Every structure is written in C-alpha cells, then in structure tokens.
Amino acid sequence: MTQIRFGHVLVKTLIGFLVLASVSACSKANDLPESSDLASVRANLAFTCAHAVDRLPATDSDVDALFRYGRYLQTRDGPKDFDEVARSRIAAAHGHYRANHNVQQLVSQGLASSSNAAHEAVEWASQLVDQGIPMGYYDIGYYLNSGFGLKQDKELALKYVRKAADLGNADAQYHVF
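In mature numbering (1 follows the signal peptide of the UniProt record, and there is no 0), the protein residues as written are -29 to -1, 1 to 148.
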C-alpha cells in the first residue's frame, strides 16, 4: 500500500515539475545572453513557444513580385545567370527578407558578383537583425562562426544562433540542440 502511495506522489511530483518547466520555457527574453560564459549558454538550451513565421513582416506585393521573378530565374531549367538572379537585391533593398537571404547566399557562395562579397553578405544579414528577423541572427551567427566577413568568434556566434533559435528559426534550433 505504501508503494502505491509513493508511486502516486512521485507521478504527481513529476507532472508538477513538467508543467512548471514548460511554463518557464515560454518566458525567455529576446535579448542576447549577457554572460560571456559559454558553459552557461549551453546549460540553458531549452526553447519553446516560438515560430519564426510569427516574427516575419508582411511584404509589399510589388516587391514580392521582384523576388519571385528572381527565384524563377534561379530555379528554371537551363543555364543560370546568377548576376541576373541577383536583381533580387532590389527587393532586398526594399525590405524583402527572403530576397535579402537569397542575395546573401548568392553573394557569399560566389555565384553573383560583388566587389566585396563578405562585406555585402554581412550587411544584408545585419539588416535582417535590425528588423528582428530570426534568420538574420542565424546568418550572423554563421558568419561569426566561420569568420566570413566578421572576425571569427565562436562564443558570440553561439549567442546569435541561440537568439535565432529562441525566435523560432528551425535551422538554429537544430544547431543549438
């Protein structure tokens, strides 16, 4: 009889702990961690309740048409002229976050011409961070980790990737875990 009560109390305690943990996981602040201690960043890896789509701005239909045309040029069959595809810079310059990310990829991979690819890619990613767009934090984290266009800083890179994960970026959530 005492074993049944002990088991019942144990189950109630575990359920209470899980409820408390799930509630506290949803209350993460949106700021980058202040601590420079990498161990403390890794120790606090739980994140929930965030979806990147909830943080993405609406796009202007004309600007979106420019982006979609660039994607059409990029994905159609046959030879590719990535400098033509990079006309998505126009859409990115008008705040289209997907065009921004696409231009970053084309430039950073050397597919589209740029006088300073690393600087341009970092500038585009910084614009996304300024807009609070999760993929921008992930991109800056990637550039910091690899030293592409920014001084390599793996600790700061982890903080940016963690911020992207907290904001709901699926790629960042995969890498943080």
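Glycine included, C-beta positions come from ideal geometry on N, C-alpha and C. Model, not experiment: these values are computed from the prediction.
Let's see if you can read the secondary structure: which residues bound the alpha helix (DSSP H) around residue i?
i      : result
Lys125 : 125 to 137
Gln98  : 88 to 101
Gly66  : From DSSP, Gly66 is part of no alpha helix (DSSP H); its letter is neither H nor E.
Ile111 : 105 to 117
Gly41  : 32 to 46
Ala29  : From DSSP, Ala29 is part of no alpha helix (DSSP H); its letter is neither H nor E.
Ala83  : Run containing Ala83: none; DSSP gives neither H nor E here.
Ala141 : 141 to 147
Asp54  : 53 to 56
When burial is assigned at 16 or more other CB atoms within 10 Å of the CB, is residue i buried or exposed?
i       : result
Asp137  : buried
Asp110  : buried
His90   : exposed
Ala29   : exposed
Asn73   : buried
Gln75   : buried
Lys130  : buried
Lys134  : buried
Ser(-8) : Low local confidence applies: a pLDDT of 41 at Ser(-8) is under 50, so the model's placement there is unreliable, with the coordinate-based value given in what follows. Ser(-8) should be labelled exposed.
Val147  : buried
Asn1    : Confidence in Asn1 is poor, its pLDDT being 47 and thus under 50, which makes the residue's placement unreliable; the coordinate value appears in the next sentence. By the 10 Å Cβ count, Asn1 comes out exposed.
Contact defined as beta carbons within less than 8 Å: I believe residue i pairs with residue j. What is the distance between those atoms, to the nearest angstrom?
i      : j      : result
Phe119 : Ser84  : Between Ser84 and Phe119 the Cβ distance is about 17 Å, and since that is not below 8 Å, they are no contact.
Gly112 : Ala128 : 5 Å
Can you check whether the CB of residue j is closer than 8 Å to the CB of residue i?
i      : j      : result
Ala92  : Gly107 : no
Gly41  : Ser59  : yes
Pro105 : Asn140 : yes
Asp124 : Leu115 : yes
Residue i CB to nearest chain D CB: under 8 Å?
i     : result
Ala29 : Included in the structure is just one protein chain, with no chain D present.
Item to check | Validate contact between the region 33 to 41 and the region 63 to 75 using beta carbons, cut 8 Å, 3 pairs | outcome: The region 33 to 41, when compared against the region 63 to 75, does touch it at the 8 Å Cβ threshold.
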